[in-house]
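The block underneath contains the structure these notes are about, expressed in structure tokens.
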Amino acid sequence: MSKEKKNKMINWNDVIKYANHGNPEPPKRVEKSEEEWRSLLSPEEYRIARQKGTERAHSSEMCNIFEPGKYACVCCDTELFDSTVKFDSGTGWPSFAQPIELNHVAYTKDVSFGMIRVECTCNVCDAHLGHVFPDGPEPSGLRYCINAVSLKKV
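Under UniProt numbering, the first residue of the sequence shown is numbered 1, with each subsequent residue one higher.
Given below as structure tokens:
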């Protein structure tokens, strides 16, 4: 994938296209057994990142931290989001307008709990991150609503 394509700003139409027709090729793959993930992650990290859990709203200080830096996947260290696109959505979860690279986040249609949403996962290790919605700030209009437990600041 060319550098230009990787750095393209993603929009809601792109998200839907990926969720319905397949995601960009990841830069690499990290695969481990469930036993390996359990040994590497805390019980809460495992529940959220590997079992598609959700942390309680407003349960993390990460929502209120806006200092410069990058946020990586708690499972595989892939850089996912940059603080320059982090914003206060008022939802109780860290929110971002764009991923660092187009091919670092994957999208899947999620019809659980009687809703239709788009789940976002780490495209490298399949860790559950949260969901993406079309109600974010311009120019992308996206709001990546991410579990803080799925991220680590680097």
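For each residue, glycine too, the CB sits at the ideal point set by N, CA and C.
Assuming residue i and residue j form a contact by the criterion Cβ under 8 Å, report the distance between their Cβ atoms to the nearest whole angstrom.
i: residue 155; j: Asn103; result: Past the edges of the chain, shown from 1 to 154, lies residue 155, and the structure says nothing about it.
i: Val85; j: Phe96; result: 5 Å
i: Tyr107; j: Cys125; result: Wrong, their Cβ atoms sit about 15 Å apart, outside the cutoff.
i: Ala127; j: Arg50; result: 7 Å
In angstroms with no decimal places, state the Cα-to-Cα distance between residue i and residue j.
i: Pro94; j: Glu34; result: 26 Å
i: Met62; j: Ala148; result: 6 Å
i: Tyr144; j: His58; result: 16 Å
i: Arg38; j: Gly90; result: 32 Å
i: residue 157; j: Pro99; result: Not covered by the structure: residue 157. The range shown for the chain is 1 to 154.
i: Phe87; j: Lys32; result: 33 Å
i: Val132; j: Lys52; result: 14 Å
i: Lys17; j: Ile65; result: 32 Å
i: Pro24; j: Cys122; result: 12 Å
i: Ala19; j: Glu67; result: 31 Å
i: Glu101; j: Leu80; result: 7 Å
i: Ser150; j: Thr54; result: 10 Å
i: Met9; j: Leu142; result: 10 Å
i: Lys152; j: Asp77; result: 8 Å
i: Leu41; j: His21; result: 31 Å
i: Asn15; j: Arg56; result: Residue identity differs from the one stated: residue 15 is Val in this sequence, not Asn. Straight-line Cα distance between these residues: approximately 25 Å.
i: Ile146; j: Arg29; result: 21 Å
Please classify residue i: is it buried, with 16 or more other beta-carbons within 10 angstroms of its beta-carbon, or exposed?
i: Gly130; result: buried
i: Cys75; result: buried
i: Asn13; result: exposed
i: residue 171; result: This structure cannot speak to residue 171, because the chain is shown only from 1 to 154.
i: Glu45; result: buried
i: Ser140; result: buried
Confirm the yes/no value for this check: CB of residue i, any heavy atom of the ligand SAH, distance under 7 Å.
i: Thr121; result: As for the ligand SAH, it is missing from this structure, which has no ligand bound.
For this session: Please determine if the region 59-71 and the region 114-121 are in contact, where contact requires at least 3 C-beta pairs separated by less than 8 Å.
Result: In short, these stretches do not touch, since the Cβ pair count stays below three.
Exercise. Taking only runs of the alpha helix (DSSP H) that begin and end inside the region 42-105, which ones reach a length of at least 4 residues, in chain order?
Worked result: none
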